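S.K.:
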Amino acid sequence: MKLDRKEILKALESITIAGEGKNMVESGAVQNVITFGNEVVVDLTLSTPAMHIKKRAEDDIRKLIQETFSADAVVKVNIKVEAKENPNEIKGKSIPGISNIIAVASGKGGVGKSTVTANLAVTLAKMGFKVGVLDADIYGPSMPIMFDVETEKPISIEVDGKSKMKPIESFEVKLLSIGFFTAPSQAVIWRGPMAAKALNQMIFDAAWGELDFMLIDLPPGTGDIHLSIMQSLPITGAVVVSTPQAVALADAKKGVSMFLSDSIKVPVLGIIENMAYFTPEELPNNKYYIFGKEGAKNLAEDLQVPFLGEVPLIQSIREAGDYGRPAALQTASPLEGIFENIARNVVQEVVARNENLAPTEAIKITTMAGCSAVNKK
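In the working numbering, the protein residues as written are 28 to 404.
Below, the structure is given as structure tokens:
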């Protein structure tokens, strides 16, 4: 039988390339189909160099043509690999209504990054800012526990004719976390693309509304999630959390280096030293430097980035996080003052960054709360 190019193209619409939602014709992978008697040449462009995907596509095309049109057909598939934009990556577009996006990171786990993020968020909210927190720690989400909303589930609402997730609100802070969509005992076993897709939905398919600050609680280290977010979102700046000991400082230094690298170029707003010293409840004036003294402060000076403040190792901070009521909410306590000082420093650095550096988007703090926060003594 005579092989017809149009009929072959139509038949190829039944084949989907692994990892892509559309068929190979609709996705544009099929560049051309040529027939010569009983010969068929299919030019294919794939976005992945993976050998098993190329082999599968070639086998599927050959099998389809020989079974549908002629068992004697000689099928040749020319495959060209051309990297395309990954549909699972977070897009580098702005989020309407969000003025400043701050990434909170740590070089290593266990330094209290999530605790600092939660307390910074509630402190900014107390100052009068509109605040949101995106829990980007896909494999260890802790924000639902720290804000006492572990059993909550975001609902879907309609915004401008589109269905959007409504963030959970607690202590005047809007929250989204993968922890809202999984059972507390369920492990999230995802590769990078799936994690990036989940973050993409929590960012762009959510009704965040107007926010002065979105804090992104990043996973520890300098991995796949960091690159997806840092290279794609209009990040205003990064805050790095570290404890004073040498092991943590070495990793914190790598974290700062990542943000300042030529491929990312995210301004570092400063370093926060957590667990700076231990003060027992019965001896409030005593300071015991269990993990070393002023290590993060000295690192900030060495790297020439701002030092935003230190947080002591106090039992009530841990208890407050476990109970879902961030310690910064303890009115008229030393902890309230400590986190207020850090939050003012963060705001001041954001203002300075927006005034002195080219904005990733049109970013300015214009609320009166921002002015009062900076000037508050």
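Glycine included, C-beta positions come from ideal geometry on N, C-alpha and C. Fair warning: this is a prediction, and the values are worked out from it, not measured in the lab.
Thinking Ile122 and Ile243 are a contact (beta carbons under 8 Å), I'd like their distance in whole angstroms, please.
M.R.: Counting from one through the sequence shown, the residue named residue 122 turns up at place 95. Counting from one through the sequence shown, the residue named residue 243 turns up at place 216. Here Ile122 is actually not in contact with Ile243; their C-beta atoms are around 11 Å apart, not less than 8 Å.
S.K.: Whole angstroms is fine: what's the gap from Lys292's alpha carbon to Gly319's?
M.R.: Against the sequence shown, residue 292 aligns to sequence position 265. Against the sequence shown, residue 319 aligns to sequence position 292. So the two alpha carbons sit approximately 31 Å from each other.
S.K.: Among residues of its own chain, excluding the 5 on either side of Thr95, which ones have a beta-carbon nearer than 6 Å to its beta-carbon?
M.R.: Your numbering for residue 95 matches position 68 in the sequence shown. Counting only Cβ-Cβ distances below 6 Å, and skipping sequence neighbours, we find Ala38.
S.K.: Among Pro171, Met192 and Ile172, which one has its Cα closest to the Cα of Pro181?
M.R.: The residue you call residue 181 lines up with position 154 of the sequence shown. Residue Met192 is the option with its Cα nearest to Pro181.
S.K.: Go ahead and pull the three-state DSSP assignment for Pro339.
M.R.: Walking along the sequence shown from the start, residue 339 turns up at place 312. Strand, per DSSP.
S.K.: Helix, strand or coil for Thr393 per DSSP?
M.R.: Position 366 of the sequence shown, counted from the first residue, corresponds to residue 393. Note that Thr393 has pLDDT 43, beneath the 50 cutoff, so the model's placement of it is unreliable and no number is given.
S.K.: Per DSSP, Gly348 is paired with what?
M.R.: Mapped onto the sequence shown, residue 348 falls at position 321. BP columns for Gly348 are empty, so no partner.
S.K.: Of all the alpha helix (DSSP H) runs that stay within the bounds of the stretch 164 to 212, which reach a length of 4 or more residues?
M.R.: Runs of the alpha helix (DSSP H) inside the stretch 164 to 212: 170 to 173.
S.K.: Please confirm if the stretch 170 to 185 is in contact with the stretch 366 to 378, defined as three or more CB-CB distances below 8 Å between the two stretches.
M.R.: no
S.K.: Whole angstroms is fine: what's the gap from Asp31's alpha carbon to Ala84's?
M.R.: Position 4 of the sequence shown holds residue 31. Position 57 of the sequence shown holds residue 84. Whole-angstrom Cα-Cα distance: 20 Å.
S.K.: Indicate the three-state DSSP secondary structure (helix, strand or coil) for Leu296 in the structure shown.
M.R.: Here residue 296 refers to the residue found at position 269 when the sequence shown is read from its first residue. Strand at Leu296.
S.K.: For the pair the stretch 327 to 338 and the stretch 297 to 315, tell me if three or more CB-CB distances fall below 8 Å.
M.R.: yes
S.K.: So Gln42 and Ile106 are in contact, right, with Cβ under 8 Å, and what is the actual spacing, rounded?
M.R.: Numbered from its first residue, the sequence shown carries residue 42 at position 15. Numbered from its first residue, the sequence shown carries residue 106 at position 79. Note on identity: in this sequence residue 42 is Ile, with Gln being the wrong assignment. Actually they are not in contact, since the Cβ atoms of Ile42 and Ile106 sit about 14 Å apart, beyond 8 Å.
S.K.: Quick check: the Cα distance between Ser269 and Gly236, rounded to an integer number of angstroms?
M.R.: The count along the sequence shown starts at 1 and reaches residue 269 at position 242. The count along the sequence shown starts at 1 and reaches residue 236 at position 209. Pairing Ser269 with Gly236, the inter-Cα distance amounts to about 32 Å.
S.K.: How would you write the range of the alpha helix (DSSP H) that Ser141 sits in, first residue to last?
M.R.: Within the sequence shown, residue 141 is the residue found at index 114, counting from 1. For Ser141, the uninterrupted alpha helix (DSSP H) segment begins and ends at Lys140 to Lys153.
S.K.: Is Ala279 near the ligand GDP - that is, is its Cβ less than 7 Å away from at least one heavy atom of it?
M.R.: With respect to the ligand GDP, the structure offers nothing, as it holds no ligand at all.
S.K.: Hey, out of Val138, Asp232 and Gly206, whose CA is closest to Gly188's CA?
M.R.: As a first step, residue 188 must be located in the sequence shown, where it is residue number 161. Residue Asp232 is the option with its Cα nearest to Gly188.
S.K.: Nearest to Leu71 by alpha carbon, out of His79, Ile44 and Thr62?
M.R.: Numbered from its first residue, the sequence shown carries residue 71 at position 44. Of the listed residues, the one whose Cα sits closest to Leu71 is Ile44.
S.K.: Considering only the alpha carbon of each residue, which of Gly336, Leu362 and Thr358 lies closest to Arg345?
M.R.: In the sequence shown, the residue the question calls residue 345 occupies position 318. Residue Leu362 is the option with its Cα nearest to Arg345.
S.K.: Classify Lys29: buried if its beta carbon has 16 or more other beta carbons within 10 angstroms, exposed otherwise.
M.R.: To locate residue 29, count along the sequence shown from 1; it is residue 2. Exposed is the call here.
S.K.: Is it right to say Lys140 is buried, meaning 16 or more other beta carbons lie within 10 angstroms of its own, or is it exposed?
M.R.: Mapped onto the sequence shown, residue 140 falls at position 113. Buried, since its Cβ has 16 or more Cβ neighbours within 10 Å.
S.K.: Under the three-state reduction of DSSP, which class applies to Ile35: helix, strand or coil?
M.R.: Translated into the one-based positions of the sequence shown, residue 35 becomes position 8. DSSP places Ile35 in helix when its eight states are reduced to three.
S.K.: Might you give, ordered along the chain, the residues of its own chain that have their beta carbon closer than 8 Å to the beta carbon of Leu384, omitting 5 neighbours on each side?
M.R.: Here the question's residue 384 lines up with position 357 in the sequence shown. Residues Pro294 of the same chain have their beta carbon placed closer than 8 Å to that of Leu384, with the five preceding and five following residues left out of the count.
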